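If you want it as structure tokens, here you go:
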């Protein structure tokens, strides 16, 4: 299912369309910890879908975070038995939470603000995400108003081999509820 045309390398056509040059940032150093993310996000327990951020820019509205996908995660025994695949809806939820954190922090919103899903557009799933890997998620703010945002988001599989196949892409809308 992995498509060689959707692998991020310095010379690939996709690199021109990438939000972030992964070679230019330290993917092993959190600039925002999970604890800091949880200070703003309301999701808890199994729905804590952002494990950290490795890149954060208020302007031009760029953020890169990650979700560690582990073989012991709660969903692995049921989706799909014998061949666990990280559900696409959870990939999107991870991206939505990361974009929400970026929006709230860059707009200096109080932590009690609640942002909900406003919609999804142009969703595509391109590569499988299997344990044990790290799902890198890049978000780019497309536009915002005081009560809503729109981000372009892409997920990349980081299996530790230096290649980053695109797992998903989507346009995510959030609204203050």
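In the numbering used here, the protein residues as written are -15 to 161.
Every residue, glycine too, gets a C-beta built ideally from N, C-alpha and C.
Keep in mind the model is a prediction, meaning the values are calculated, not measured.
Leaving out five residues on either side along the sequence, give the residues of the same chain with a beta carbon under 6 angstroms from the beta carbon of residue i.
{"i": "residue 55", "result": "115, 116"}
{"i": "residue 152", "result": "75, 109, 139"}
{"i": "residue 11", "result": "38"}
Helix, strand or coil for residue i per DSSP?
{"i": "residue 75", "result": "helix"}
{"i": "residue 87", "result": "helix"}
{"i": "residue 21", "result": "helix"}
{"i": "residue 158", "result": "strand"}
{"i": "residue -3", "result": "Model confidence at residue -3 stands at a pLDDT of 38, short of 50, so the residue's coordinates are unreliable and nothing is read from them."}
{"i": "residue 3", "result": "coil"}
{"i": "residue 29", "result": "helix"}
Give the straight-line distance between the Cα atoms of residue i and residue j, rounded to the nearest whole angstrom.
{"i": "residue 106", "j": "residue 71", "result": "17 angstroms"}
{"i": "residue 65", "j": "residue 129", "result": "43 angstroms"}
{"i": "residue 85", "j": "residue 112", "result": "25 angstroms"}
{"i": "residue 4", "j": "residue 143", "result": "18 angstroms"}
{"i": "residue 157", "j": "residue 127", "result": "10 angstroms"}
{"i": "residue 63", "j": "residue 34", "result": "20 angstroms"}
{"i": "residue 141", "j": "residue 121", "result": "9 angstroms"}
{"i": "residue 132", "j": "residue 125", "result": "11 angstroms"}
{"i": "residue 154", "j": "residue 102", "result": "13 angstroms"}
{"i": "residue 161", "j": "residue 29", "result": "22 angstroms"}
{"i": "residue 13", "j": "residue 7", "result": "13 angstroms"}
Under 7 angstroms Cβ to Cβ from residue i, same chain only, skipping five residues before and after it: list those, please.
{"i": "residue 9", "result": "38, 39, 48"}
{"i": "residue 16", "result": "36, 37, 40"}
{"i": "residue 60", "result": "68, 115"}
By the DSSP assignment, the beta strand (DSSP E) with residue i in it spans what residues?
{"i": "residue 36", "result": "36 to 41"}
{"i": "residue 15", "result": "Counting along the chain, residue 15 falls outside any beta strand (DSSP E), and DSSP gives it neither H nor E."}
{"i": "residue 51", "result": "46 to 53"}
Once the 5 residues before and after residue i are set aside, which same chain residues still bring their CB inside 8 angstroms of it?
{"i": "residue 58", "result": "30"}
Just list the beta strand (DSSP E) runs in the region 108 to 155, keeping only unbroken ones of 3 residues or longer that don't cross its boundaries, in chain order. Complete beta strand (DSSP E) runs here, min 3: 117 to 129, 132 to 142.
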